[in-house]
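Okay, so here's the structure we're looking at.
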């Protein structure tokens, strides 16, 4: 695996993981601050899902599309082409941001009515409208910021994106929690006002992130200007052709970015209707918050590695593909799949096994939360695989198939969601999501095999080995967990932490020992791991 890919992946993985980590842990005080207002989390999510979709459309897949475009022309030393795109793109992103804000703000009542079909629900259309309008202000600034991130990523400089993500998240969370506390506990305001302030925090976080990126721009500008001096100047690409190429890249990126929000949107517009149809309208808001907010926050953590891989994989595979270095490209794909599965599978499996204490620690004891998290956690593997397979398709210029695979997956989700919810309630929505993602991943894999001439034999063998190691680990962890359950109570936060810690350490020890024993870790991570194996006298 190339040093640039490893370093870039590490930086973005660290930044993404910290950002996701913060995005998970703020939910603990968030849940405490909303005590007595159980509808607060649902109200928050009702506003955030449409915002995420509008944000993805407003940015038009810009970070990854610009990253791929600049990486392509940098590979042939045509640095001026990328700079030309950057200058004009800032203006266009500003205009798309303002337009998206206006549309979301003005049509907020329409989106709210689509979400709330029954008067028996705790949340009203007027409440959802207020929250959607509050969060829409972030659209003004985020697209502009995303272009700068894409520019740096195209130069395989992942630090600015990682740092700005973390700063954005910290500022957003501080404002969010502070706002809820002030409104509810000092001003004695309504939950609607509190959640509106909480969603407006996305705008404040965006400003902080933009300031970080501007600082990086001035710091890196001397180096970027030196690259311009080395420009060959043989490619005179007009702005029209630049944007034609960018659009061809960005449309698939939009669909990839929309994948998870669109699956959540399907839940948002169908879940309440399906629950009302089986007489659970008064319980629907709470169940929806468990599905699309609380458990989703936990499930998405193992996916942070895939997100980082997809961001770094596209420019590196694009560069290899452009230079027709197919051996290097195959090596990059090999290592990406193996490392992804090696890390994501045990994380998702552990989360599923320890669903009850995990939900208790982060939120509160809940039978529904435990059941949904236990079922939902393994779906994280499919989320990760979809992100990475879609990124590979972008890198080999077969991005059109990402649209096809997503549409097929969404169609399945939309077709199955209501009947499965009626049959299995909240669990049915999880099952429909899993089926949709599984089919989308399989389509992507078939396309990669055909158009990248990539053979999955090695990956299949390694996947079987990884699953075998995880099976052994899971059995040991389940035995330990059941033993601890005889002495510790999983509805106690402190005792749940003890259970999670002991089970996680045992699981990591077993998985680590087995992966060293069969030399899998050494093959994936190199000689440093081999030295560890030698010191521990394993194998």
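In my numbering, the protein residues as written are 1207 to 1745.
By construction, the Cβ of each residue, glycine as well, lies at the ideal position given by its N, Cα and C atoms.
Nearest by alpha-carbon distance to residue i: which of the options is it?
| i | options | result |
| --- | --- | --- |
| residue 1612 | 1466, 1662 and 1634 | 1466 |
| residue 1495 | 1329, 1662 and 1643 | 1329 |
| residue 1490 | 1336, 1234 and 1248 | 1248 |
| residue 1670 | 1593, 1576, 1732 and 1543 | 1543 |
| residue 1506 | 1486, 1730, 1331 and 1470 | 1470 |
| residue 1509 | 1403, 1545, 1394 and 1377 | 1545 |
| residue 1291 | 1307, 1273 and 1322 | 1273 |
| residue 1317 | 1595, 1689, 1472 and 1614 | 1472 |
| residue 1729 | 1457, 1244 and 1540 | 1540 |
| residue 1375 | 1576, 1713, 1717 and 1230 | 1230 |
| residue 1688 | 1635, 1353, 1709 and 1703 | 1709 |
| residue 1699 | 1565, 1621 and 1638 | 1565 |
| residue 1276 | 1335, 1361 and 1481 | 1361 |
| residue 1674 | 1396, 1643, 1721 and 1635 | 1721 |
| residue 1398 | 1322, 1246 and 1503 | 1246 |
| residue 1568 | 1227, 1221 and 1411 | 1227 |
| residue 1647 | 1695, 1588 and 1697 | 1588 |
Helix or strand or just coil, what does DSSP make of residue i?
| i | result |
| --- | --- |
| residue 1363 | coil |
| residue 1207 | Unreliable positioning characterises residue 1207 in this predicted model, as indicated by a pLDDT of 44, which lies under 50. A coordinate reading is not provided. |
| residue 1486 | coil |
| residue 1540 | helix |
| residue 1659 | coil |
| residue 1742 | coil |
| residue 1285 | helix |
| residue 1451 | helix |
| residue 1719 | helix |
| residue 1692 | coil |
| residue 1724 | coil |
| residue 1532 | helix |
| residue 1330 | coil |
| residue 1311 | helix |
| residue 1438 | coil |
| residue 1713 | helix |
| residue 1325 | coil |
| residue 1466 | helix |
Let's test the definition: count the other Cβ atoms within 10 Å of the Cβ of residue i and tell me whether it reaches 16, buried, or not, exposed.
| i | result |
| --- | --- |
| residue 1667 | exposed |
| residue 1428 | exposed |
| residue 1590 | buried |
| residue 1693 | exposed |
| residue 1548 | buried |
| residue 1203 | It is not possible to answer for residue 1203, since the shown part of the chain is limited to 1207 through 1745. |
| residue 1242 | exposed |
| residue 1284 | buried |
| residue 1225 | buried |
| residue 1625 | exposed |
| residue 1478 | buried |
| residue 1381 | buried |
| residue 1652 | exposed |
| residue 1391 | exposed |
| residue 1562 | buried |
| residue 1453 | exposed |
What are the start and end residues of each continuous alpha helix (DSSP H) run of 4 or more residues lying completely inside the region 1213 to 1258, in chain order? Taking only runs of at least 4 residues, the alpha helix (DSSP H) segments lying wholly in the region 1213 to 1258 are 1233 to 1239.
My parser needs the beta strand (DSSP E) runs of 3 or more residues fully inside the region 1339 to 1387; what are they? Taken in chain order, no unbroken stretch of beta strand (DSSP E) lies wholly in the region 1339 to 1387 with a span of 3 residues or more.
Inside the region 1578 to 1650 only - alpha helix (DSSP H) runs reaching at least 4 residues: Segments of the alpha helix (DSSP H) lying fully in the region 1578 to 1650: 1585 to 1601 and 1606 to 1630.
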